[in-house]
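Working notes for the structure below.
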Amino acid sequence: MTASADNIIKQTQSWISSVIIEFNFCPFAKREFERGSIYYKIASDLDSGINQTQKNENTILASALEDLIKECYRLDSSSKIETSFLILPKNFSDYSLFLDLSYLAEELLTTENYEGIYQIASFHPDYCFADTAPDDAANFTNKAPYPMLHLLRESSMEQALDNYSNPEQIPLRNIKKSRELGIKKFQTILTSCIKQN
1 MTASADNIIK
11 QTQSWISSVI
21 IEFNFCPFAK
31 REFERGSIYY
41 KIASDLDSGI
51 NQTQKNENTI
61 LASALEDLIK
71 ECYRLDSSSK
81 IETSFLILPK
91 NFSDYSLFLD
101 LSYLAEELLT
111 TENYEGIYQI
121 ASFHPDYCFA
131 DTAPDDAANF
141 TNKAPYPMLH
151 LLRESSMEQA
161 LDNYSNPEQI
171 PLRNIKKSRE
181 LGIKKFQTIL
191 TSCIKQN
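1 is the number of the first residue of the sequence shown in UniProt numbering; add one for each residue after it.
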């Protein structure tokens, strides 16, 4: 059974609050979360009605990239939205396909002249950094209830980092914190987030 769009958004918000903000993985997430300036978009494939057997990887990727560029347009047209999560609850459970999407998404930003304007952070239930083992707790900085592409305004990121001491230390601090907390702690939190409805 697939969760409803509202439940998926609530689960994502619970994850942002319980993981990203609680452990300060992103020092500027709390402000935008509390201001309500984060937009949540469920990928159109959730209710597209296309039979799974009719889909292939190319159409799945194209659909997600189309949704991503629409989120760029949304950010272009609304200064009240600081950041946008494109949530992909279907079709991207395969982590290698999601990595393909992440690569193509970065290329799309360049092709559409959004390089330097927006940047993408990626999250996935099976996220694994290139230099870590799959069972390393450090991966939980980017593990989420659903595959997601997080679109951020680069100018806002730069401004926030200017006001943060030692921003280059953020990834190292996050890895250390994740390893201190351990896998079981994060698995419990993610399970709790998914139970939100």
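Glycine included, every Cβ here is placed at the ideal spot set by N, Cα and C.
Straight-line CA distance for residue i to residue j?
i           : j    : result
I170        : N56  : 38 Å
residue 208 : S165 : Not covered by the structure: residue 208. The range shown for the chain is 1 to 197.
I87         : K41  : 6 Å
K195        : A144 : 13 Å
R35         : Q13  : 13 Å
N58         : L68  : 15 Å
N163        : L108 : 30 Å
R179        : I16  : 19 Å
Using DSSP with H/G/I as helix, E/B as strand and the rest coil, what is residue i?
i    : result
Y95  : helix
E154 : helix
E115 : strand
A121 : strand
Y73  : helix
L88  : coil
K41  : strand
T83  : strand
D47  : Only weak support exists for where D47 lies, its pLDDT of 46 falling under 50; the coordinates are left without a value.
Is it true that the CB of residue j sits closer than 8 Å to the CB of residue i?
i    : j    : result
Y118 : R153 : yes
I9   : Y39  : no
N174 : T141 : yes
L104 : F92  : no
S84  : L151 : yes
K19  : F28  : One point to set straight first is that residue 19 is Val, not Lys, in the sequence displayed. No, these two residues do not count as a Cβ contact at 8 Å.
D126 : Y95  : yes
Q11  : A3   : yes
L149 : I120 : yes
A43  : A62  : no
Mind reading off the beta-carbon distance from residue i to residue j? Whole number of angstroms is fine, and I expect it under 8 Å.
i   : j    : result
F33 : K177 : In fact, because the Cβ distance is near 19 Å, the residues do not count as touching under 8 Å.
Q. Three or more C-beta pairs closer than 8 Å, one from the region 130 to 137 and one from the region 109 to 121: is that the case here?
A. no
Q) Counting pairs of Cβ atoms below 8 Å between the region 155 to 165 and the region 177 to 191, do you hit three or more? A) no
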